[in-house]
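In case it helps, the numbering used here puts the sequence shown at residues -9 to 223.
Virtual Cβ for every residue (Gly too), placed ideally from N, Cα, C.
Here the structure is laid out as structure tokens; the discussion comes afterwards.
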Amino acid sequence: MSDDAADDEIDLSSLNDEDLTAQMHDDLYDGLAEEIDEATRILLNRGWGPEKVLNVALVEGMRIVGIDFRDGILFVPEVLLAANAMKAGMAILRPLLVETGAEPIGTVVIGTVKGDIHDIGKNLVAMMLEGAGFEVFNLGINTDVDEFLAAIEEHKPDIIGMSALLTTTMPYMRVVIDTLTEKGIRDDHIVLVGGAPLNEEFSEAIGADAYCRDAAVAAETASALVMARRATA
Ligand code: B1M
């Protein structure tokens, strides 16, 4: 998209909000982590809320990257750089999204399932859950059923969250849920699933409690289901 020479000359703080977010989409595309860091701080200083920066500047930028990745215009190394730039912005937003002085309202164990190394969306979900007052144990990527079981044993979570971004890894969610059922502990936990290729129908078919379209829905759903469960306990 933009060439490096042109980028060198851009004073990000001189751009208005619209041009700055458009520039951030370009900078994400080009994997420019330092520029994303700077622009994220500029928007926050202008009074943008962290969720607005996240959605309008960062998530939208990654959506554009995703389209060109799908269409064979971008390849894995470039997308890795874009992901790295995205994480630079997320690192600034994280403390703002998770700040909560209250007692945890529940505990969550969350991971990207076995075979899958996509973690941006799952990490956003973890942040939003923390922001909603949950204590979150983030198991990372490529999480197999034994790792989920060990974390469940250790942390006794109210909620188990699973993320998958590949059509080839979504079925592993069923493996985890079936294992919980075999062990007789399925109903001890709320199971939430998410990731771009999933939908409600899939979530129902594998026996999850809910499909979460995005991180905000995940936080709302988690709070609502924990409250509902407490009310009937
Ligand atoms: Co990958 N990749 N990728 N990739 N990658 C996709 C997913 C793909 C759709 C791109 C495409 O073709 N358009 C495609 C999958 C096709 C398919 O299965 N149908 C794909 C492919 C094919 C691959 C490889 C196989 C490519 C290759 O090697 N040839 C490979 C697989 C590696 C593996 O996992 N084994 C691969 C690798 C990579 C990178 C490593 C380069 C990088 C990941 C870096 C990282 O995550 N650290 C990468 C990226 C960045 C993407 C895209 C471009 C962006 C994903 C992303 O971060 N989105 C993606 C295209 C796309 O999705 N449009 C693509 C931004 C994020 C905020 O959204 O993750 O959807 P998302 O999360 C949302 C919701 O889905 C939801 O909330 C989040 C926040 O709002 N959500 C949850 C997610 N998890 C949740 C869990 C919950 C609740 C909600 O639990 C309760």
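**Prompt:** Should P85 be labelled buried (16 or more other beta-carbon atoms within 10 Å of its own) or exposed?
**Reply:** exposed
**Prompt:** Between V135 and T169, is the Cβ-Cβ spacing less than 7 angstroms?
**Reply:** yes
**Asked** Which stretch, first to last residue, makes up the alpha helix (DSSP H) that contains V55?
**Response** E50 to R60
**Message:** Taking a contact to mean a Cβ-Cβ separation below 7 angstroms, would you say T157 touches D106 in this structure?
**Reply:** no
**Prompt:** Between H108 and T133, what straight-line distance do the alpha-carbon atoms span, to the nearest angstrom?
**Reply:** If you draw a straight line from the Cα of H108 to the Cα of T133, it comes to about 11 angstroms.
**Prompt:** DSSP on D5, reduced to helix/strand/coil?
**Reply:** The question names Asp, but residue 5 is Leu in the sequence shown. Three-state DSSP puts L5 in coil, outside helix and strand.
**Asked** Can you round the beta-carbon distance between M117 and V88 to whole angstroms, since I take them to be within the 8 angstroms contact cut?
**Response** Contact between M117 and V88 holds, with the beta-carbon distance rounding to 6 angstroms and staying under 8 angstroms.
**Message:** Quick check on I57: buried or exposed, where buried means 16 or more other Cβ atoms within 10 Å of its Cβ?
**Reply:** exposed
**Message:** Could you check if T133 belongs to the surroundings of ligand 1, using beta carbon to heavy atom distance under 6 angstroms?
**Reply:** no
**Request:** Kindly give me the distance between the Cβ atoms of A198 and I167, rounded to whole angstroms, as I take these residues to be in contact under 8 angstroms.
**Result:** With 8 angstroms as the limit, A198 and I167 qualify as a contact, their Cβ atoms being about 6 angstroms apart.
**Item:** Reference I95; option with closest CA among G121, L10 and A81
**Value:** G121
**Request:** List the whole-angstrom C-beta distance separating A23 from A78, where the pair is believed to meet the contact cut-off of C-beta under 8 angstroms.
**Result:** 4 angstroms
**Prompt:** Hey, would you say the C-beta of D106 is under 6 angstroms away from at least one heavy atom of ligand 1?
**Reply:** yes
**Prompt:** When burial is assigned at 16 or more other CB atoms within 10 Å of the CB, is V66 buried or exposed?
**Reply:** exposed
**beta strand (DSSP E) segment containing F127, residue limits** = F124 to N128
**Asked** Per DSSP, which one or two residues make a beta bridge with I107?
**Response** I107 is not bridged to any residue.
**Request:** Measure the C-alpha to C-alpha separation of V183 and E(-1) and round it to an integer number of angstroms.
**Result:** Those two C-alpha atoms are separated by around 44 angstroms.
**Asked** Would the C-beta of T157 count as close to ligand 1, meaning under 6 angstroms from any of its heavy atoms?
**Response** It does: the Cβ of T157 is within 6 angstroms (strictly closer) of some heavy atom of ligand 1.
**Prompt:** Cβ of L155 within 7 angstroms of Cβ of G130?
**Reply:** no
**Request:** Would you tell me roughly how many angstroms separate the C-alpha atoms of K146 and M163, rounded to the nearest one?
**Result:** K146 and M163 have their C-alpha atoms spaced approximately 19 angstroms apart.
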